[in-house]
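Numbering (full-length UniProt numbering), first residue to last: 1 to 190.
Built from N, CA and C at the ideal position, the CB exists for glycine as well.
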């Protein structure tokens, strides 16, 4: 069975570097240097002057490397058409726009829009009269929402801390209930 041999094999009569614009002759077996034939061809292992027409392997279309997204992890195995890239927002961040999963399309772009991962504020934390909500966060922990008495009031029974869960729900860390904390905010005498 005849097989193509590399262009830099010893004894081949057709060896002009200028006919190989990428400069590599060791891996390219099937070419048409200088448009010398009607279609791609190669020297074969039958004899040094024997050649045959060959099929150039088709390269799979790809997309560029998926762009990183602020405040998110990215996961992908390849950049070939049909493969996907998945994004996961960091703990304490929520996807507010775009798509967490995008697919490489045949036009070399990814489907949908890049996700947007924004700092998660406890959307469902209740607002209450005489209580002010402050939000703090560190890079390692989820955001913490803290209830304190508003200006002009002082706490009698202490403040409450609300931990924000990744889904935007909250857990209250306080002895007693939030309405008891609110009622413990007494007006200042001055």
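Exercise. Between the Cα of residue 54 and those of 42, 65 and 46, spot the shortest distance and give me the residue it belongs to.
Key: Of the listed residues, the one whose Cα sits closest to residue 54 is 42.
Quiz prompt | Inter-stretch contact (C-beta, 8 Å, three-pair minimum) for the region 31 to 38 and the region 67 to 75 | solution = No, the region 31 to 38 does not touch the region 67 to 75.
Self-check item: Euclidean distance between Cα positions of residue 87 and residue 60
Solution: Each residue's alpha carbon lies about 24 Å from the other.
Exercise. Compute the beta-carbon to beta-carbon distance between residue 79 and residue 65, rounded to the nearest angstrom, for a pair I have assumed lies under 8 Å.
Key: That pair is a contact at about 6 Å.
Quiz item: Since residue 98 contacts residue 108 with CB under 8 Å, what's their CB separation in whole angstroms?
Solution: Actually they do not touch by this definition, with Cβ atoms about 19 Å apart.
Self-check item: Secondary structure of residue 97, DSSP reduced to three states
Solution: Reduced to three states, the DSSP call for residue 97 is strand.
Quiz prompt | residue 106 versus residue 117 - alpha carbon distance | solution = Those two C-alpha atoms are separated by around 27 Å.
Quiz item: In the structure shown, what three-state DSSP assignment does residue 70 receive?
Solution: Residue 70: coil per DSSP, three-state reduction.
Quiz item: Cα-Cα, which of 67, 77 and 92 is closest to residue 219?
Solution: Nothing in the structure corresponds to residue 219, since the chain is present only between 1 and 190.
Practice problem: Provide the residue span of the beta strand (DSSP E) that contains residue 9, from first to last. | Solution: From DSSP, residue 9 is part of no beta strand (DSSP E); its letter is neither H nor E.
Quiz item: Could you give the distance in angstroms between the alpha-carbon of residue 7 and the alpha-carbon of residue 83?
Solution: Within the model, the alpha-carbon separation for residue 7 versus residue 83 is close to 35 Å.
Exercise. Leaving aside the five residues before and after residue 102 along the sequence, list all residues of the same chain whose C-beta is less than 6 Å from its C-beta, in chain order.
Key: Around residue 102: 85, 110, 111 and 112.
Practice problem: Quick one: using the 10 Å Cβ neighbour count with 16 as the cut-off for buried, is residue 69 buried or exposed? | Solution: By the Cβ-count criterion, residue 69 is buried, with 16 or more other Cβ atoms from all chains shown falling within 10 Å of its own Cβ.
Quiz item: Under a Cβ-count criterion, where at least 16 other Cβ atoms within 10 Å of its own Cβ denotes burial, should residue 11 be classed as buried or exposed?
Solution: Around the Cβ of residue 11, a 10 Å sphere holds fewer than 16 other Cβ atoms; the residue is exposed.
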